[in-house]
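Numbering (the working numbering), first residue to last: 1 to 116.
Dropping the structure here:
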């Protein structure tokens with residue numbers, strides 16, 4: 001199963017940018033669609049963006065035009081560039097395969113807080 005380590009979160013003002021990074025291991029990376037998810041307090045985890053190894057991408061409507069997912073297959077890395085951040089983007093961000101893996105495959109996530 002996939003093992004992941006997310007990084008790059010932090011506190012940013014509205015309108016600011018962050019780039020999240022995810023190091024993946026334990027899978028044949030090129031065979032998997034990878035994704036970023038997020039979970040805000042009191043809400044269920046939601047899919048934010050996904051990308052397969054040949055470039056097909058999908059985004060949830062609320063981040064279209066602001067977030068970009070990209071991956072480096074050689075390094076087994078997945079990134080999420082987040083621009084024009086809004087307070088409603090505040091959440092813990094996770095990466096995983098899509099569909100998501102077993103409960104044990106989820107990492108600690110990285111906290112993103114958008115606040116002035």
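Glycine included, every Cβ here is placed at the ideal spot set by N, Cα and C.
Just so you know, these numbers come straight off a predicted model, no measurement behind them.
Rounded C-alpha distance that separates residue i from residue j
i: residue 59; j: residue 47; result: 8 Å
i: residue 109; j: residue 92; result: 6 Å
i: residue 107; j: residue 13; result: 26 Å
i: residue 102; j: residue 26; result: 13 Å
i: residue 66; j: residue 57; result: 14 Å
Option nearest residue i by Cα separation, candidates the options
i: residue 49; options: 41, 62 and 10; result: 62
i: residue 70; options: 44, 16 and 23; result: 23
i: residue 68; options: 75, 82 and 56; result: 82
i: residue 18; options: 95, 36 and 80; result: 80
i: residue 72; options: 112, 21 and 99; result: 21
Supposed contact pair residue j and residue i - C-beta distance, whole angstroms, cut 8 Å
i: residue 5; j: residue 105; result: No, residue 5 and residue 105 are not in contact; Cβ-Cβ is about 12 Å, not under 8 Å.
Same chain only: Cβ atoms within 6 Å of residue i, ignoring 5 sequence neighbours per side
i: residue 76; result: 24 and 29
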